[in-house]
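Right, one structure below, let's go through it.
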Amino acid sequence: MTDATEQAAAVLLHDALPQHALPVIDISPFITNPEADGEAAKKKVARAVHDACVEAGFFLISNYQGVLPQDKVDGLLQLMRRFFSLSPAYKRQLKGTYGRGYFAYGEENLSTIYPEHNVNFEDKDLGDYKEGLDIGPEVPTTDPHYGELFHTPNQWPDPASVGEEWKAQVLEYFELASRLGHVLNRIFALSLGLPENWFEDRICPPLTRMGCGAHSDYGCCAILAQDDAGGLELYDRKGQWVAVKPVPQTLVINIGDMMQRWTNDRYKSTLHRVINPSTGKHRFSSPFFFEPGVDCMVECVPTCLAEGESPRYPPTRFGDHLLNMYNSTFYVNPTDQSGHDGDPGASTVLP
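Under full-length UniProt numbering, the residues of the sequence shown are numbered 1 to 351, in order.
Following this line, the structure appears as structure tokens:
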């Protein structure tokens, strides 16, 4: 099947899906003036988040700009366009290891872990039709774990290729999104009847991905910045894919596998994917992953275990889970021809 045929088929399937409106939750009581807004306003937000996590595992947030300004979100998407327009040969020079560096079309294959849900529109024996750039916190060479698993250096493009300010602007977004992630963790904690700071010592430095693939996310939660191209699809509790349209001035929030384990399945880590619904427009998205520490043991929180109920999962070391998921989904595609020069949004792109 040609790229054009695959794209047309994906658009037809997407257009035929039922539409699903995610709840939009105003989180300003936690941001603009939390003391003045009071506990009642914060509890109202936490309850709305609780209901959304139980129902779909996805929701939208608004009025976050006091922590993460909108121009920084929009600016990140422009930085992505600049990077992904570079030649495939150059981008391949930035390949790294687990959670760092560039990955090309076909190097991640999520159908290996979700074959029953038809995650990919293309041939299941091929990798996903997407490319991405994984960026984590900067690791100084003096760090005792430098170079070890999940502590490898970022792979930055040459300033001559993307601009002198590119790296600094990405790191600025990273810092601001991290602050927003801490706000969300406070909301999650309250939504579960836990102390507001319960998650704080369980979270490690986060990971940002520029252009990424379909899956239920591995860690605590993800903050998704996306353009207006649309294409987000969720696998709902009825066992069907539903389409979600983008809403301006909002960010998509979804919980991950570890939050589902922490809550004993009360909160749902929902399978999701994205196609590019327009044949004439590329699609860009950037999820920012908030994850437990590598050595964090994830087990059911006390507020999610009713009397006489048993945990559904054994205690799980997050690093083991993360490594297993990377090993299950990434491989080097020897036929990577990268013939889709500067086209990160053509055909199916999965977040």
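Even glycine gets a Cβ: it sits at the ideal position worked out from N, Cα and C. Quantities reported herein were computed from a predicted structural model and do not represent experimental measurements.
Quiz item: Would DSSP call T152 helix, strand or coil?
Solution: Within the sequence shown, the letter at position 152 stands for residue 152. Note: T152 maps to coil in three-state DSSP.
Exercise. Can you tell me which of the three DSSP states Q226 falls into?
Key: Reading the sequence shown from its first residue, position 226 is the one you call residue 226. Three-state DSSP puts Q226 in a strand.
Quiz prompt | Spatially closest choice to I31 from V24, C53, V67, A21, by CA coordinates | solution = Taking the first residue of the sequence shown as position 1, residue 31 is located at position 31. That would be V67, whose Cα lies nearest to the Cα of I31.
Quiz prompt | Unbroken beta strand (DSSP E) run spanning E200, endpoints | solution = Start at 1 with the first residue of the sequence shown, and residue 200 comes out as number 200. Segment: none, E200 is in no beta strand (DSSP E) and carries neither H nor E.
Practice problem: Let me know the secondary structure DSSP gives F174 once reduced to three states. | Solution: In the sequence shown, counting from the first residue as 1, residue 174 sits at position 174. In the structure shown, F174 sits in a helix (DSSP, three-state: H, G or I).
Quiz item: Just the Cα atoms here: how many angstroms apart are T141 and T152?
Solution: Indexing the sequence shown from 1 puts residue 141 at position 141. Indexing the sequence shown from 1 puts residue 152 at position 152. One C-alpha to the other measures close to 10 Å.
Quiz item: Going by alpha carbons, who is nearest to Q240 out of H272, F288, Q226?
Solution: Here residue 240 corresponds to residue number 240 of the sequence shown, with the count starting at 1. Residue H272 is the option with its Cα nearest to Q240.
Practice problem: Would you kindly check if the distance between the Cβ of V73 and the Cβ of A225 is under 9 Å? | Solution: Taking the first residue of the sequence shown as position 1, residue 225 is located at position 225. Taking the first residue of the sequence shown as position 1, residue 73 is located at position 73. Cβ atoms of A225 and V73: closer than 9 Å.
Exercise. Give the DSSP bridge partners of L22, in chain order.
Key: One-based indexing of the sequence shown puts residue 22 at position 22. BP columns for L22 are empty, so no partner.
Exercise. Following the continuous beta strand (DSSP E) through A243, name the residue where it begins and the one where it ends.
Key: The count along the sequence shown starts at 1 and reaches residue 243 at position 243. From DSSP, the beta strand (DSSP E) with A243 extends over 241-244.
Exercise. Quick one: residues in its chain with C-beta nearer than 8 Å to the C-beta of V162, no 5 flanking neighbours on either side, listed in chain order?
Key: For this step, residue 162 is matched to residue 162 along the sequence shown. So the qualifying residues of the chain are L79, R82, F83, L86.
Quiz item: Ends of the alpha helix (DSSP H) at G132?
Solution: On the sequence shown, residue 132 is found 132 positions in, with the first residue counted as 1. It is not in any alpha helix (DSSP H) - G132 instead sits in the beta strand (DSSP E) that spans 132-135.
Quiz item: Can you name, in chain order, every residue of its own chain whose Cβ lies under 7 Å from the Cβ of T270, other than the five neighbours on each side?
Solution: In the sequence shown, residue 270 corresponds to position 270, counting from 1. A56, G57, F58, S216, L234, Y235, N254, listed in sequence order.
Quiz item: With DSSP run on the structure shown, which of helix, strand or coil describes C304?
Solution: On the sequence shown, position 304 is the one that residue 304 refers to. Helix, per DSSP.
Practice problem: Compare the C-alpha of G181 against each of T303, E291, L323 and name the closest. | Solution: The count along the sequence shown starts at 1 and reaches residue 181 at position 181. G181 has its Cα closest to that of E291, out of T303, E291, L323.
Exercise. Within the same chain, show all residues whose beta-carbon is closer than 8 Å to that of A189, passing over the 5 residues directly before and after it, in chain order.
Key: On the sequence shown, position 189 is the one that residue 189 refers to. Here the set comprises P195, E196, N197, W198, F199.
Quiz prompt | Whole-number beta carbon distance between C220 and G193, since they are thought to touch under 8 Å | solution = By one-based count along the sequence shown, residue 193 stands at place 193. By one-based count along the sequence shown, residue 220 stands at place 220. In fact, because the Cβ distance is near 17 Å, the residues do not count as touching under 8 Å.
Self-check item: Proximity to R261 [Cα-Cα], best of W156, L323, T303
Solution: Here the question's residue 261 lines up with position 261 in the sequence shown. Answer by Cα proximity: T303.
Practice problem: Confirm, please, whether the CB-CB distance from G231 to N154 is below 9 Å. | Solution: For the purposes of this step, residue 154 is taken as the residue at position 154 of the sequence shown. For the purposes of this step, residue 231 is taken as the residue at position 231 of the sequence shown. No.
Quiz item: In whole angstroms, what separates the C-alpha of V301 from that of R92?
Solution: Along the sequence shown, one-based indexing puts residue 301 at 301. Along the sequence shown, one-based indexing puts residue 92 at 92. C-alpha separation (whole angstroms): 42 Å.
Quiz item: Hey, how far is the Cα of R202 from the Cα of T316?
Solution: The count along the sequence shown starts at 1 and reaches residue 202 at position 202. The count along the sequence shown starts at 1 and reaches residue 316 at position 316. The straight-line gap from Cα to Cα measures roughly 13 Å.
Practice problem: Determine, using beta carbons only, whether E52 and P23 come nearer to each other than 9 Å. | Solution: Counting from one through the sequence shown, the residue named residue 52 turns up at place 52. Counting from one through the sequence shown, the residue named residue 23 turns up at place 23. According to the sequence as given, residue 52 is Ala; it is not Glu. Yes; because the gap between Cβ atoms is below 9 Å, this pair is in contact.
Quiz item: Cα separation between V242 and A306?
Solution: The count along the sequence shown starts at 1 and reaches residue 242 at position 242. The count along the sequence shown starts at 1 and reaches residue 306 at position 306. About 32 Å.
Quiz item: By a C-beta neighbour count over all protein chains shown, 10 Å radius and 16 as the cutoff for buried, is D295 buried or exposed?
Solution: As a first step, residue 295 must be located in the sequence shown, where it is residue number 295. Flag for D295 reads exposed.
Quiz item: So which of V54, W156, G99, W166 has the shortest CA-CA distance to G75?
Solution: Taking the sequence shown and counting its residues from 1, one reaches residue 75 at position 75. Cα-wise, what sits closest to G75 is W166.
Practice problem: Tell me, to the nearest whole angstrom, how far the beta carbon of L184 is from that of L60; I am working on the premise that it is less than 8 Å. | Solution: In the sequence shown, residue 184 corresponds to position 184, counting from 1. In the sequence shown, residue 60 corresponds to position 60, counting from 1. Incorrect: roughly 12 Å between the Cβ atoms, too far for contact.
Quiz prompt | Chain-order list of residues whose beta-carbon lies under 6 Å from that of Y102 (same chain, five-residue window excluded) | solution = Working through the sequence shown from its first residue, we reach residue 102 at position 102. Around Y102: K91, L94, K95, L133.
Quiz item: When burial is assigned at 16 or more other CB atoms within 10 Å of the CB, is Y64 buried or exposed?
Solution: Reading the sequence shown from its first residue, position 64 is the one you call residue 64. Buried is the call here.
Quiz item: Does DSSP put I187 in a helix, a strand or coil?
Solution: As a position in the sequence shown, residue 187 is number 187, starting the count at 1. Helix at I187.
Quiz prompt | Three-state class that DSSP yields for Y267 in the structure shown | solution = Locating residue 267 in the sequence shown gives position 267, where the first residue counts as 1. Note: Y267 maps to coil in three-state DSSP.
Quiz item: Sorted by chain position, which residues of the same chain lie with C-beta nearer than 7 Å to D143's C-beta, five sequence neighbours on each side aside?
Solution: On the sequence shown, position 143 is the one that residue 143 refers to. Closer than 7 Å at Cβ, skipping near neighbours: H151.
Quiz item: Quick one: what does DSSP say R179 is sitting in, helix, strand or coil?
Solution: Here residue 179 is taken as the residue at index 179 of the sequence shown, counted from 1. Residue state, collapsed to three classes: helix.
Quiz prompt | For V252, three-class secondary structure by DSSP | solution = Against the sequence shown, residue 252 aligns to sequence position 252. Here V252 sits in strand by DSSP.
Exercise. Indicate the three-state DSSP secondary structure (helix, strand or coil) for R47 in the structure shown.
Key: The sequence position of residue 47 within the sequence shown is 47, counting from 1. If DSSP states are grouped into helix, strand and coil, R47 belongs with the helices.
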